[in-house]
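Novice:
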Amino acid sequence: MKKKFKNDLNQKFSRGTIWTHWLTVLLILVLILSSLKIAGFESMERMTIITIHLLLGSSVFFFTIVRSILLFKNKQPEHLKTGSRFIDKLVVWNHYSFYLLLFTISIMGIVVMFTGNYIEGISSGNIENIVSPKEIALLKYHVLITLLVVFLVVIHVIGVIKHYVFTKENTLKRIL
């Protein structure tokens, strides 16, 4: 049986964690949109979008490293409670899965950059130097992990909405 629980929403994340959280959210949204656009453009526009995607992906990797350091360096607010032990554990799992998946997708992106010859293609300005996406085995896993990140984001947003609607808790106060 669920017991009623009120979370202390005055406990906030550190300023650095808040900034890296929202910058990462913004970058991930732009990365997803850019990955959807890459295939639809001709060579020069496609090269520009690939370059932007690589730079933004590298930024996500950097911010994930910074945020991980802040996670251990700064005192974190208590995890939100829902009244269900299972859901409480799921919330914690969701948060830590973001870190794991963002590190994994970033490292995969770096490997794809080299195995797909993207560095040569970008530096020469010749898209013909880039290996066909179908020939880059790791690229499909990079896409799969992207879908997992999107799934976790959706679950995360549903959790925020659930708290707001059912428990009347504005949990965003902790990360704004």
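If you read the sequence shown in the working numbering, its first letter stands for residue 3, the second for the next number, and so on. Cβ atoms here follow ideal geometry from the backbone N, Cα and C, with glycine treated the same way.
1) May I ask which residues mark the beginning and end of the alpha helix (DSSP H) holding V167?
2) What whole-angstrom Cβ distance do V114 and I138 have, given they're in contact under 8 angstroms?
3) Out of M49, V32, E80 and V133, which has the shortest C-alpha to C-alpha gap to L58?
4) If you reduce the DSSP assignment to three classes, tell me which class L31 lands in.
5) Taking the straight line between their C-alpha atoms, what separation do you get for F15 and V133?
6) Over what stretch of residues does the alpha helix (DSSP H) that includes R87 continue unbroken?
7) Would you mind reading off the limits of the alpha helix (DSSP H) that contains I121?
8) Using CA atoms only, rank isn't needed, just tell me which of K8, Q13 and F7 is closest to I177.
9) Going by DSSP in three states, L57 sits in which element: helix, strand or coil?
10) Evaluate the contact criterion for the region 66–75 versus the region 98–107: three or more CB pairs, one atom per stretch, below 8 angstroms.
11) Just to confirm my understanding: we take L25, look at its own chain, exclude 5 residues before and 5 after, and list those with CB closer than 7 angstroms. What are they?
12) What does the Cβ neighbour count give for S108, buried or exposed, with the cut at 16 atoms within 10 Å?
Specialist: Let me lay it out:
1) It spans A139 to F168 - the alpha helix (DSSP H) in which V167 sits, taken as one unbroken run.
2) At roughly 6 angstroms, the Cβ-Cβ gap stays under 8 angstroms, so V114 and I138 are in contact.
3) When each option's Cα is compared against that of L58, the closest is V32.
4) When secondary structure is reduced to three states using DSSP, L31 falls in the helix class.
5) Using only the alpha carbons, I get a separation of about 43 angstroms.
6) Taken as a continuous stretch (DSSP letters only), the alpha helix (DSSP H) holding R87 covers R87 to T117.
7) Taken as a continuous stretch (DSSP letters only), the alpha helix (DSSP H) holding I121 covers Y120 to S126.
8) From the listed residues K8, Q13 and F7, the smallest Cα separation to I177 is found for Q13.
9) The answer is helix: DSSP assigns L57 an H, G or I state.
10) Taking 8 angstroms as the limit for Cβ pairs, the verdict is that the region 98–107 does touch the region 66–75.
11) Within the same chain, F65 come within 7 angstroms of L25 by CB-CB distance, once the 5 residues on both sides are set aside.
12) It is buried - the Cβ of S108 has at least 16 other Cβ atoms within 10 Å.
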